[in-house]
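Here is the structure we will look at.
Numbering (the working numbering), first residue to last: 37 to 128.
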C-alpha cells in the first residue's frame, strides 16, 4: 500500500475512533463505563499512532515491545485507579 494511502486510511480510522469517544461521552452511561470506554479507545488510537506514524511496525520485536509494555502498564494503573475511585463515583 502506498504510504499516502496508508496515512489517509489510518487518519480515517483515528477520526472514526474520535467520533466513537464523543458519542460515548454523550451516551447515558455511568461515569465508570464512560471512563473505561474512553481509556480503551484512546489506547487503541495510541497504538495506531505509534505503530504507523512513528514507523514502529518496521522495528525489531524488542524495540516494539518497550513502548507497548509501557502503554499496557499505563492502562492497568488507570483501571486500578478507576476501581479505587469507583465508590466515590457512585454519588453523582
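For each residue, glycine too, the CB sits at the ideal point set by N, CA and C.
This structure is a prediction, so every number in the text was calculated from the model and none was measured.
Through-space distance from residue j to residue i, alpha-carbon basis
i           : j           : result
residue 81  : residue 120 : 25 Å
residue 109 : residue 67  : 22 Å
residue 8   : residue 79  : Absent from the structure is residue 8, since the part of the chain shown begins at 37 and ends at 128.
residue 52  : residue 94  : 25 Å
residue 116 : residue 106 : 15 Å
residue 97  : residue 39  : 22 Å
Rounded Cβ spacing between residue i and residue j (contact assumed at less than 8 Å)
i           : j           : result
residue 70  : residue 59  : That belief does not hold up - the Cβ atoms of residue 70 and residue 59 are roughly 11 Å apart, past 8 Å.
residue 139 : residue 114 : Because the chain here runs from 37 to 128, residue 139 falls outside it and cannot be looked at.
residue 118 : residue 72  : 7 Å
Three-state secondary structure (DSSP) of residue i
i          : result
residue 95 : coil
residue 84 : helix
residue 64 : coil
Residue i and residue j closer than 9 Å at C-beta
i          : j          : result
residue 83 : residue 43 : no
residue 85 : residue 50 : yes
residue 77 : residue 56 : yes
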